[in-house]
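One structure below.
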Amino acid sequence: MTAMTAMTARTRPTTTAADDPPVLAVDADLGAASWRALGTYVDLRTTPDAIASAVALAVDILNEVDLACSRFRADSDLSHANRAAGSIVSVSPLLVAAVQVALEAADETDGLVDPTLGTVLTAAGYDRTFALVPADDPAPTSVPRPRRDWRNVQVGDDGVCVPPGSELDLGATGKALAADLVALAIAHELGAPALVSVGGDVRVAGPDDGNVTSVPAYPVVLAGTVADLETDGTPPRVRLRDGGLATSSTAARRWSRGGRQWNHLVDPRTGAPADGPLRTVTAWGRTAVAANTASTAAMVLGDAAWPWLLARDVAARLVDVDDRVLTTPAWDASGFEVSE
Amino acid sequence: MRPLLSPAQRNRSRLLLQVLSGTLAAATAAGTVAATAAAAHETAQDQTDNALGAAAAEAEAARAHAEALAEWAAENPVVVVTPRPERTVVGPEVRVGASSSGSATVGGRPSSAGSQGRVDTPPPPPAPPAKSTGS
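The listed protein sequences correspond, in order, to chains A and B.
Following numbering that gives the first Met the number 0, the numbering of the first sequence begins with 0 at its first residue and continues without gaps.
Following numbering that gives the first Met the number 0, the numbering of the second sequence begins with 0 at its first residue and continues without gaps.
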């Protein structure tokens, strides 16, 4: 982003903890902006006319998502619900929506994408925003087996009840929902097309829902991690005109605790970090949540991901630990991967 | 005149009198100490008993008070409202649109699948590509 200049926005984005400074870089001429929020990076693309308003709207929405859904803020609605496990807790409509989406993802994957893995992640050391998690903590720890009781999570119009002994973690679908919310809000309230990437969970939306001709084909580069982009001279690139795209990778968010290597993708069937033959999966879905659900489930499934993706006609691109690439027929038919 | 006691007898009597006096004094002192110690012991025991009794009474009173409070609270529920910032950035239409049933359903094809070159669209903006990486 050579043409971008750093500037101060009217509303400065905030992060959950001591992440990189949330410097906002905006290129008004190109309708592009990038900053940090929710403990990760945010990319926003829209029209030059709408970029200033879109950034302000996006920052406010992401702050709202953080306050509702963060596991690392004591004052978040999610933390209130987790602390009062076993009781119905009145929460914001946004957390209600996030829990509904998370439970739908769990149902769609028969629990492979499980929102009740908070106790496992916390015990493994991921109990704070990732920037503060020690890369190598030798302290031994006892990690509980997953309770797999996402079916016992209760959610109503304005309340949530976490099953006793469980802890909700919306890390899998939360950022994807944030991307969906921001893109839809820009399209709905500003009447402008937008691409939003929140930590790699991408959503494209236009003001005329369903009419893709009003939305440009936004370019998106793919990689296992942001660092990979810097070392890979020609990362694969897609052009996205609608829907969502998500990339999950065991190469991202890794840490060591008690001599055991962890990553943020936990297999709810075993409570162990996903360590199958896949390194990175990128999937398309009608929403960013749907795309993230598919990519996360595929990473957890490992060897069994291929038939699972084929059975559901998921457009997906898989990279194994030996850097071999496999694409599903739906991905090939989509035609959005380009070589530039 | 012949003395009643010889000097030797007088000395023995005097010595005997002194021994008896000392013994009496020692016995008196020992008795006093023993009596004082017994009294102190009894006082300490009484104080201990009193303290234990008072503590038990206070504990019983506190328990009864707590039970009464719990009973009162059950009959008089109070909703504690914690002030929280108004959050109205995400409107109902957007929230429902993002979380409606089917939002996590995997699969499907892009509307633009296989038609990149045929859709009449404006040219893509010259913006740099966004990223989709594991994070």
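Idealized CB from N, CA, C, for every residue including glycine.
In this text the structure is predicted, and so the values were computed from the model without any measurement.
In the DSSP assignment, find the unbroken beta strand (DSSP E) run with residue 87 (chain A) in it and report its ends. Taking the first residue of the first sequence as 1, we reach residue 87 (chain A) at position 88. Start and end: 87-89.
What distance in whole Å lies between the Cβ atoms of residue 130 (chain B) and residue 199 (chain A), which are believed to be in contact at a cut-off of 8 Å? Along the first sequence, one-based indexing puts residue 199 (chain A) at 200. Along the second sequence, one-based indexing puts residue 130 (chain B) at 131. Indeed they touch by this definition, with Cβ atoms about 6 Å apart.
Which of the three DSSP states is assigned to residue 278 (chain A) in this structure? Numbered from 1 along the first sequence, position 279 holds the residue referred to as residue 278 (chain A). If DSSP states are grouped into helix, strand and coil, residue 278 (chain A) belongs with the strands.
Select from the stretch 19-52 of chain B all residues with a C-beta closer than 8 Å to any C-beta belonging to chain A, and list them in chain order. none
Is there a Cβ from chain B that is less than 7 Å from the Cβ of residue 156 (chain A)? Numbered from 1 along the first sequence, position 157 holds the residue referred to as residue 156 (chain A). No, residue 156 (chain A) does not count as interfacial toward chain B.
Starting from residue 92 (chain B), find everything on chain A with Cβ-Cβ shorter than 8 Å and list it in chain order. The count along the second sequence starts at 1 and reaches residue 92 (chain B) at position 93. Near residue 92 (chain B) (Cβ distances below 8 Å), the residues of chain A are 187.
Tell me, please, which residues DSSP counts as bridged to residue 247 (chain A). Working through the first sequence from its first residue, we reach residue 247 (chain A) at position 248. Answer is A:280.
Pull up the distance between the alpha-carbon of residue 100 (chain A) and that of residue 315 (chain A), whole angstroms please. The residue labelled residue 100 (chain A) in the question sits at position 101 within the first sequence. The residue labelled residue 315 (chain A) in the question sits at position 316 within the first sequence. Those two C-alpha atoms are separated by around 21 Å.
Measure from the C-beta of residue 9 (chain A) to each C-beta in chain B and report whether the shortest distance is under 7 Å. The sequence position of residue 9 (chain A) within the first sequence is 10, counting from 1. Legend: pLDDT at residue 9 (chain A) = 35, less than 50; position of this residue unreliable, value from coordinates given subsequently. Taking Cβ atoms only, chain B never reaches closer than 7 Å to residue 9 (chain A), which makes this a no.
Taking buried to mean at least 16 other C-beta atoms within 10 Å of its own C-beta, is residue 146 (chain A) buried or exposed? Counted from its first residue, the first sequence places residue 146 (chain A) at position 147. So residue 146 (chain A) ends up on the buried side.
Count the other C-beta atoms from every protein chain shown that fall within 10 angstroms of the C-beta of residue 4 (chain B), then say buried if there are 16 or more, exposed otherwise. On the second sequence, position 5 is the one that residue 4 (chain B) refers to. By the neighbour-count rule (16 or more Cβ atoms within 10 Å), residue 4 (chain B) is not buried but exposed.
Measure the Cβ-Cβ separation of residue 179 (chain A) and residue 97 (chain B) and say whether it is below 7 Å. Residue mapping note: residue 179 (chain A) aligns to position 180 of the first sequence, counting from 1. Residue mapping note: residue 97 (chain B) aligns to position 98 of the second sequence, counting from 1. Yes.
Backbone CA spacing between residue 24 (chain B) and residue 50 (chain B) [nearest angstrom]: Along the second sequence, read from residue 1 onward, the residue named residue 24 (chain B) stands at position 25. Along the second sequence, read from residue 1 onward, the residue named residue 50 (chain B) stands at position 51. Rounded to the nearest angstrom, the two C-alpha atoms are 38 Å apart.
For residue 41 (chain B), three-class secondary structure by DSSP: The residue given as residue 41 (chain B) occupies position 42 in the second sequence. Of the three classes helix, strand and coil, the one that applies to residue 41 (chain B) here is helix, per DSSP.
For a cutoff of 7 Å on Cβ pairs, would you count residue 286 (chain A) as touching chain B? For the purposes of this step, residue 286 (chain A) is taken as the residue at position 287 of the first sequence. Residue 286 (chain A) counts as touching chain B.
In chain order, what residues of the same chain lie with their CB nearer than 6 Å to the CB of residue 192 (chain A), ignoring the 5 residues before and after it? Start at 1 with the first residue of the first sequence, and residue 192 (chain A) comes out as number 193. Hits under 6 Å: 205 and 214.
Alpha helix (DSSP H) containing residue 98 (chain A): first to last residue? As a working mapping, residue 98 (chain A) is identified with position 99 in the first sequence. Residues 92-107.
Give the straight-line distance between the Cα atoms of residue 223 (chain A) and residue 190 (chain A), rounded to the nearest whole angstrom. The sequence position of residue 223 (chain A) within the first sequence is 224, counting from 1. The sequence position of residue 190 (chain A) within the first sequence is 191, counting from 1. C-alpha separation (whole angstroms): 33 Å.
If residue 287 (chain A) sits next to residue 245 (chain A), beta carbons under 8 Å apart, how far is it from one beta carbon to the other, in whole angstroms? The residue labelled residue 287 (chain A) in the question sits at position 288 within the first sequence. The residue labelled residue 245 (chain A) in the question sits at position 246 within the first sequence. That belief holds up - the Cβ atoms of residue 287 (chain A) and residue 245 (chain A) are roughly 6 Å apart, short of 8 Å.
Count the other C-beta atoms from every protein chain shown that fall within 10 angstroms of the C-beta of residue 320 (chain A), then say buried if there are 16 or more, exposed otherwise. If you number the first sequence from 1, residue 320 (chain A) lands on position 321. Exposed, by the Cβ-count rule.
Counting only beta-carbon atoms, is residue 324 (chain A) nearer than 7 Å to chain B? One-based indexing of the first sequence puts residue 324 (chain A) at position 325. Residue 324 (chain A) does not count as touching chain B.
How about residue 220 (chain A) and residue 127 (chain B): do their beta carbons lie closer than 7 Å? By one-based count along the first sequence, residue 220 (chain A) stands at place 221. By one-based count along the second sequence, residue 127 (chain B) stands at place 128. No, the pair does not count as a contact, with Cβ atoms beyond the cut-off.
For chain B, find out if any of its Cβ atoms is closer than 7 Å to the Cβ of residue 205 (chain A); answer yes or no. Within the first sequence, residue 205 (chain A) is the residue found at index 206, counting from 1. With 7 Å as the cut-off, residue 205 (chain A) does not count as an interface residue toward chain B.
Between residue 97 (chain B) and chain A, is any beta-carbon pair separated by less than 7 Å? Taking the second sequence and counting its residues from 1, one reaches residue 97 (chain B) at position 98. Chain A, which has a Cβ nearer than 7 Å to the Cβ of residue 97 (chain B), makes this yes.
Let me confirm a value: residue 166 (chain A) is counted as buried when at least 16 other C-beta atoms fall within 10 Å, else exposed. Which label applies? Within the first sequence, residue 166 (chain A) is the residue found at index 167, counting from 1. Burial call: buried.
Assumed close pair residue 295 (chain A), residue 171 (chain A) - CB separation to whole angstroms, cut-off 8 Å: To locate residue 295 (chain A), count along the first sequence from 1; it is residue 296. To locate residue 171 (chain A), count along the first sequence from 1; it is residue 172. That pair is a contact at about 5 Å.
My parser needs the alpha helix (DSSP H) runs of 4 or more residues fully inside the stretch 57-90 of chain A; what are they? 76-82
Under the three-state reduction of DSSP, which class applies to residue 15 (chain B): helix, strand or coil? Along the second sequence, one-based indexing puts residue 15 (chain B) at 16. Three-state DSSP puts residue 15 (chain B) in a helix.
If the criterion is Cβ atoms closer than 7 Å, does the pair residue 203 (chain A) and residue 241 (chain A) meet it? Within the first sequence, numbered from 1, the residue matching residue 203 (chain A) stands at position 204. Within the first sequence, numbered from 1, the residue matching residue 241 (chain A) stands at position 242. Yes, the Cβ-Cβ distance between residue 203 (chain A) and residue 241 (chain A) is below 7 Å.
So the candidates are A:66, A:247, A:139 and A:69; which of them puts its Cα closest to the Cα of residue 293 (chain A)? Position 294 of the first sequence, counted from the first residue, corresponds to residue 293 (chain A). Of A:66, A:247, A:139 and A:69, the residue nearest in Cα terms is A:247.
Is the stretch 134-150 of chain A close to the stretch 74-89 of chain A, with three or more CB pairs under 8 Å? no
Closer than 7 Å to chain A by CB, residue 55 (chain B): In the second sequence, the residue the question calls residue 55 (chain B) occupies position 56. Judged by the 7 Å Cβ criterion, residue 55 (chain B) is not in contact with chain A.
For residue 291 (chain A), name the three-state secondary structure that DSSP assigns. Within the first sequence, numbered from 1, the residue matching residue 291 (chain A) stands at position 292. If DSSP states are grouped into helix, strand and coil, residue 291 (chain A) belongs with the helices.
Count Cβ pairs between the stretch 247-266 of chain A and the stretch 5-19 of chain B that sit closer than 8 Å; are there 3 or more? no
Decide if residue 10 (chain B) is buried, meaning its Cβ has at least 16 other Cβ atoms within 10 Å, or exposed. Translated into the one-based positions of the second sequence, residue 10 (chain B) becomes position 11. Exposed, because fewer than 16 other Cβ atoms sit within 10 Å of the Cβ of residue 10 (chain B).
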